[in-house]
Structure formats: structure tokens, C-alpha cells
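Asker: Residue numbers (the numbering used here): 15 to 269.
Pasting a structure here, questions to come.
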């Protein structure tokens with residue numbers, strides 16, 4: 015007995031994909047390999063970031079945007095490391111700026127992707143609970159979602175010094191209770207993010223925050239709780255902290 019095929023007009027299940035821009039060199043970590051390829055616990059940070067996205071059962075595709083001249087190397091790197099079977103991955107060449115690279119990642123997405131996560135390769139240790147929280151908020155109707163943490167430090171707005179290192183006059187002290195430190199992955203309704211990238215022209219080094227592009231469209235952006243382990247590895251001390259977090263995970267959770 016053969017099964018009856020589904021009606022041809024039945025919509026296909028919508029998918030969630032993650033775009034990881036990894037084309038930057040990360041000069042603040044010092045000379046050497048691009049930041050995304052620096053080792054963390056013996057494994058490149060990029061692999062940790064891809065695994066962090068793939069750890070979510072909601073994510074079925076990860077698009078890695080590699081340096082324009084290094085896509086084959088990154089593809090080989092991903093092939094060498096085990097990734098969850100339920101997640102596909104794709105490597106595409108990036109642009110000169112993060113904004114260009116994210117746009118190229120969006121261009122590579124299949125038509126059936128409706129929810130897009132944009133994640134920093136330099137945030138290798140974001141917990142799966144944070145990823146799921148962002149995806150859930152978008153699937154529940156939010157157009158743009160960012161994980162974020164309250165600030166523990168008082169923040170000052172200053173007038174930037176003309177000469178680096180010179181004293182900077184304070185202009186204002188924002189109300190700390192209303193401030194949040196934004197993390198990734200940021201989550202979006204695909205159509206909203208595509209419109210934002212199309213509408214906001216590349217200016218200088220481009221946007222470093224995709225939610226900010228959506229804000230400029232006048233679309234609402236909401237915040238969900240972030241996690242202290244989703245910090246960005248930017249400077250050498252961050253790498254030391256990441257090594258300590260990873261060692262603790264491996265000791266207690268078998269990560």
C-alpha cells in the first residue's frame with residue numbers, strides 16, 4: 015500500500031539558519047591568524063561558535079562567511095571537525111566589512127529559511143539556552159531580538175579626544191538601569207533583516223550591530239536575557255578567561 019503524497023500547495027516547514035561573519039582579522043588579539051581561527055582549548059574559536067549554533071535543535075543551517083581569500087581553508091577546517099548531524103553548513107567568501115559579510119551570508123540562504131541568527135565568531139561559548147531563547151522570541155512574532163545583560167559599571171558619555179590618550183571631557187552620565195550590554199546571536203525575521211541591509215547604505219567601516227540597522231528602519235527590537243559566558247573574545251585577557259570557562263565546562267559537564 016502506497017502513502018498518499020501531500021497536497022502540492024502544502025507549505026514547507028520554515029527553517030532557522032545562523033550566519034557567522036568570520037572574515038575579520040581581529041588585530042586587537044595581536045598578530046597571527048585571523049581571530050576566528052585562533053585556538054581555544056586546542057580548537058579554533060570558529061568551530062566552537064559553529065557548534066554553539068548547531069547545539070540548538072532549532073538551527074538547521076550554519077552559514078560561515080570566511081575571509082575572501084580563505085574560504086577553501088575554512089571549508090576544510092569545518093570538514094575536519096565533527097558537527098551535529100542535524101545541522102548543515104555552508105561557507106561563502108566575505109566582504110571588506112562586517113556589514114558586507116553578513117549581507118553575503120543572507121544572499122546565500124535557501125528560500126525556506128524564515129528566521130536568521132547573526133552570531134559573532136568571537137563569541138565561542140554562548141550557551142544553547144541563549145540561542146533557543148532568541149529563536150523562540152522571533153518565532154513568537156518579534157522582528158528583531160538581541161540577548162543582553164545589565165551593566166555593572168557606571169557609563170560616561172565623553173567628547174572623544176583629538177589626540178589618543180588625552181583627557182576627555184564628560185558630556186553626560188546615562189541612567190545605568192536603562193542600559194544593556196548587547197551580545198549575539200541576534201535573531202531576526204528574515205524579511206526584516208534583508209530589508210534593513212538593503213535600506214541602510216554602507217558607510218565607512220559599516221554597521222557592527224545588525225539590530226541597529228533594523229532600528230533605523232523604525233522596526234521594534236526587543237531584548238531577552240543574555241548570559242555571562244557569551245562574552246566576546248577581543249583582547250588577550252578575554253582569551254585567558256575563555257580558556258578558563260572552557261576548562262570548567264570540560265571538567266564538570268564533559269563539554
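The C-beta atom is built at its ideal place from N, Cα and C for all residues, glycine as well.
All figures in this text were calculated on a predicted structure; none of them were measured in a lab.
Would you report the Cα separation of residue 86 and residue 197, rounded to the nearest angstrom?
Answerer: The alpha-carbon atoms of residue 86 and residue 197 are separated by roughly 29 angstroms.
Asker: Sort out for me which residues DSSP pairs residue 171 with in a bridge.
Answerer: Residue 171 is bridged to 186.
Asker: Considering only DSSP beta bridges, list what residue 237 is partnered with.
Answerer: DSSP lists 160 as partners of residue 237.
Asker: How many angstroms separate the CA atom of residue 250 from the CA atom of residue 257?
Answerer: Whole-angstrom Cα-Cα distance: 11 angstroms.
Asker: Is residue 193 helix, strand or coil by DSSP?
Answerer: Coil, per DSSP.
Asker: I'd like the span of the beta strand (DSSP E) that includes residue 201, first residue to last.
Answerer: Start and end: 200–203.
Asker: Report the three-state DSSP secondary structure of residue 255 (helix, strand or coil).
Answerer: Three-state DSSP puts residue 255 in a helix.
Asker: According to DSSP, simplified to helix, strand and coil, what is residue 176?
Answerer: Three-state result, residue 176: coil.
Asker: For residue 99, which of helix, strand or coil comes out of DSSP?
Answerer: The answer is coil: DSSP assigns residue 99 none of H, G, I, E or B.
Asker: According to DSSP, residue 144 sits in a beta bridge with which residue or residues?
Answerer: DSSP, once it has assigned bridges, lists no residue as partnering residue 144.
Asker: Here's the rule I'm using: 16 or more other beta-carbon atoms within 10 Å means buried, otherwise exposed. How should residue 156 be labelled?
Answerer: Buried is the call here.
Asker: Would you mind working out which of 117, 54, 70, 71 sits nearest residue 78, comparing C-alpha positions?
Answerer: Here the closest residue by C-alpha is 117.
Asker: Looking at residue 228 and residue 235, is the spacing between their C-beta atoms short of 8 angstroms?
Answerer: For residue 235 and residue 228, yes; Cβs fall inside 8 angstroms.
Asker: Could you please give me the residues that DSSP links to residue 57 through a beta bridge?
Answerer: Residue 57 pairs with 54.
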